[in-house]
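The listed protein sequences correspond, in order, to chains D and L. Using full-length UniProt numbering, read the first sequence as starting at 1 and increasing by one per residue. Using full-length UniProt numbering, read the second sequence as starting at 1 and increasing by one per residue. In this text, a Cβ means the ideal position worked out from N, Cα and C, and glycines have one as well. Keep in mind it's a predicted model, so treat the numbers as computed, not measured.
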Amino acid sequence: MSLSKQTRQSTAMLTRLSGWGRYPQYQSNIFTPISLTTCQSHLATHTMPLIAHGMGRSYGDSALAEYVINTQELDCLLDFDTHSGQLTCHAGVSLAALLAVFVPKGWFLPVTPGTQFVSIGGAIASDVHGKNHHQHGCFSEYIVSLELLLGDGSRLRCSRSEHPELFHATCGGMGLTGLIINATLQLTAIHSAYINQITYKAANLEEVLALFAEHHAATYSVAWIDCLANNEALGRSLLMLGEHAPEGELHTRHRSKLSIPMEMPKQLLNHYSIRAFNTFYYQRIRQQQSTQCIHYEPFFYPLDGILHWNRLYGRNGFIQYQFVIPQAAGMEGLRTILKRIARSGRGSFLAVLKAFGKANANLLSFPIEGYTLALDFKLAPGLLELLHELDAMVLDFGGRLYLAKDARMHETTFKRSYPQWERFQAVREQYGAIGHFASLQSQRLGLN
Amino acid sequence: MQKILIIGATSAIAKATARCFAERGDQLYLLARDQERLSDLANDLRIRGANTVAYAKFDTAAIEQYPSLLDKAIAELDGLDVVLIAHGTLSDQTACERSIELTLQELNTNAISVIGLLTLLANYFEQRKQGCIAVISSVAGDRGRQSNYIYGTAKGAITIFMQGLRNRLAKSNIQVLTIKPGFVNTPMTAAFKKGALWAEPEAIATGIVTAISKQKDIVYLPFWWRYIMLIIRTIPEHIFKRLSL
């Protein structure tokens, strides 16, 4: 085909990029390779450092850089074993695309985050977790092997037995060890696309933590928490448990989705509207306990039904703040932090509480055994100061923040809470990643 | 199950359309220029459920190979129900304005090669007396504009050629479908700032599959482009020539 197209395709395009939180924004040169070969030759000849960018669903600046490789066209399924459920695919395949193909065949993702608009590469790089972390761990647990493009453009396969140190640095490594191009993952067999869900109403934090402990054996568990409730009602929440239905239809839903057409006025979400929403959301469940059989989409991806929901937060965007604190700090830690948030009056539409199981061997993977809370905060004056204050509390309780959601943590906070960062740097050094792969986040966190 | 030949199969719209065909278990034959991408796409389509997938390398410039390539594809599929021609390049208008060579090359890739393929395929389908010829043209072919009239000329030529072909093959019971997408988010348009009128390749693909099954002649995708182009076509030339479109 024509020369002009080839020239243009190897030229990066200058575009304003941001993560899902729409903060920060950055002018990036984006290159969208149409094959692994074009990607490889780009890496060998173009300006570094750069970072991979998949679906752009990490919230902050972890997929932002001056030079960015967009993996959306690297989206082929390459091999599937219908007996074992092992799939090999390009890193740009989205979880949504994968589910659309495999749910009808009776297979599901072993671990899924709260949106299906995530690429396989992104899910590995963030080592995402789901509602079953306490039972099944992180996404990387099901990665059999993966293939990376290293800084010099060469391809290297790694797994728990081949270059294991590179594997454990790459899973959860935020794209800083190389460009993930392929992965082999283990899918999980299902007999229905439906989930049997039980919802429990918890009047406060004590009750919800007791419920988590009592229902540890449930496959999926997550609590929605009213972060503006205070005093006796502090931590009032709805705990949702789920199990795959033993039989039923195997279909994905093709419903038309709502879409937020433009940025909403920034006054839309304020203390009063969020309080009203939270109260309504909590009160709408009448009984102490209710049972439902629902399709997996609303169960796992409640917000995917509203496209561009991030526009609700207005032009300035928002910050999602997700921290984990160890189990020992549990009740006291959560109470202290929730009190501080309730006092600030800065509410979150969705505050999500989850109990994590054991940590894995990946150097920068987020989960540790304990409790994790995720909140959205509209970007407004004074917010960064509040979050800085919360950082100190999280650190005091021995916790840390999730890198896939982070847009603003300080280098010292990161280095204190991710003690394996030096080993991570050593692996990057060994495989020639330093100077080749970097994001705004890595620069901010001192991972140069 | 249908026997489908896709030319320019690795382009974003063709890839998305091929996936729709694969999901319903069709038999596919792919032509494109890049071996690696063909092989990856063939695996992808098999996993998604295509009955069979075969492929061959295709260079638009090698016109002498067209007959043997098409013969081989038809032999491999053991007949042909649908052909989708999807290859093309988005011409660099400013560069074309400075180069005869580049302008002619763009016209060759986007129009002449398609017309060449259609010449052979028309005869095949005319004899067979059933089937569908679907070609991706563009809304850009509906009216010449300063910003992309080289590309528009090529697409306009295809649109007119298809009109004639439709007229000729109507009595042979052949569907001749002209597909006119508007702005689509593909690697071809990576440089453009995206707005409300932009569509994803998957949406265009669904529209193509529906238009084929509904025996349509011309389809604008998404549908609203029919009305946008209606307005653009009706602006009198003496006004139109002063607009910066």
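Query: Within-8 angstroms CB hit, Ala199(L) to chain D; Result: no
Query: Span of the beta strand (DSSP E) around His295(D); Result: 289-295
Query: For Tyr142(D), the nearest candidate out of Arg160(D), Leu150(D), Arg155(D) (CA to CA); Result: Arg160(D)
Query: Close Cβ partners of Ala44(D) (< 8 angstroms) along its chain, the five nearest in sequence each way excluded; Result: Asp152, Gly153
Query: Proximity to Ile274(D) [Cα-Cα], best of Ser348(D), Leu403(D), Leu334(D), Ile225(D); Result: Ser348(D)
Query: C-alpha gap between Glu147(D) and Lys214(L), whole angstroms; Result: 43 angstroms
Query: C-beta neighbour in chain D for Arg37(L), strict 8 angstroms; Result: yes
Query: Whole-angstrom distance between Ile260(D) and Pro33(D), CA atom to CA atom; Result: 30 angstroms
Query: Under 8 angstroms between C-beta atoms of Ile190(D) and Gly242(D); Result: no
Query: Min CB distance Gly19(D) to chain L below 8 angstroms; Result: no
Query: Leu31(L) vs Ala73(L) beta-carbon contact at 8 angstroms; Result: yes
Query: Strand pairing of Ser259(D), partner residues [DSSP]; Result: Leu307(D)
Query: Nearest residue (CA-CA) to residue 317(L), options Tyr220(L), Asn43(L), Ile4(L); Result: Here chain L comprises residues numbered 1 to 245, so residue 317(L) is not present and cannot be evaluated.
Query: Counted within 10 angstroms of its Cβ, other Cβ atoms place Pro164(D) as buried (16 or more) or exposed; Result: exposed
Query: Bridge partner(s) assigned by DSSP for Ile6(L); Result: Leu30(L), Leu84(L)
Query: Within chain L, partners of Ile181(D) - CB distance below 9 angstroms; Result: Here the premise fails: no neighbours, minimum Cβ distance about 11 angstroms.
Query: Interface positions of the stretch 39-72 of chain L facing chain D (Cβ-Cβ less than 7 angstroms), listed along the chain; Result: Asp40, Leu41, Asn43, Asp44, Ile47, Arg48, Thr60
Query: Closer than 8 angstroms to chain D by CB, Ala190(L); Result: yes
Query: Residue burial classification, Tyr418(D) (beta-carbon count within 10 angstroms, cutoff 16); Result: buried
Query: Complete runs of the alpha helix (DSSP H) confined to the stretch 76-106 of chain D [at least 4 residues]; Result: 95-102
Query: Length of the line joining the Cα atoms of Asn185(L) and Gln289(D); Result: 46 angstroms
Query: Separation of Leu176(D) from Gly435(D), as counted between CA atoms; Result: 10 angstroms
Query: Proximity winner among Asn167(L), Ala140(L), Leu165(L), relative to Gly156(L) (alpha-carbon distances); Result: Ala140(L)
Query: Closest by C-alpha distance to Gln127(L), when choosing among Ala170(L), Val114(L), Phe161(L); Result: Ala170(L)
Query: Rounded C-alpha distance that separates Arg236(D) from Leu187(D); Result: 35 angstroms
Query: First through last residue of the alpha helix (DSSP H) which encompasses Leu383(D); Result: 383-396
Query: Bounding residues of the beta strand (DSSP E) (the contiguous stretch that carries Asn182(D)); Result: 179-186
Query: Cys39(D) at chain L interface by Cβ criterion, 8 angstroms; Result: no
Query: Under the three-state DSSP convention, the category Gly151(D) falls into; Result: coil
Query: Residue closest to Ile69(D), alpha-carbon to alpha-carbon, out of Asn231(D), Ala52(D), Val394(D); Result: Ala52(D)
Query: Interfacial residues, the stretch 66-80 of chain D to chain L, with Cβ spacing under 7 angstroms; Result: Glu73, Cys76, Leu77, Leu78, Asp79, Phe80
Query: Alpha-carbon to alpha-carbon, Val82(L) and Thr52(L); Result: 15 angstroms
Query: Inter-residue Cα distance where the pair is Ala245(D) and Phe299(D); Result: 12 angstroms
Query: DSSP state of Tyr220(D) mapped onto helix, strand, coil; Result: strand
Query: Leu338(D) versus Phe377(D) - alpha carbon distance; Result: 14 angstroms
Query: Cut-off 8 angstroms between Cβ atoms - residues of its own chain near residue 251(L), not counting five sequence neighbours on either side; Result: Outside the displayed span of chain L (1 to 245) sits residue 251(L), for which this structure offers no information.
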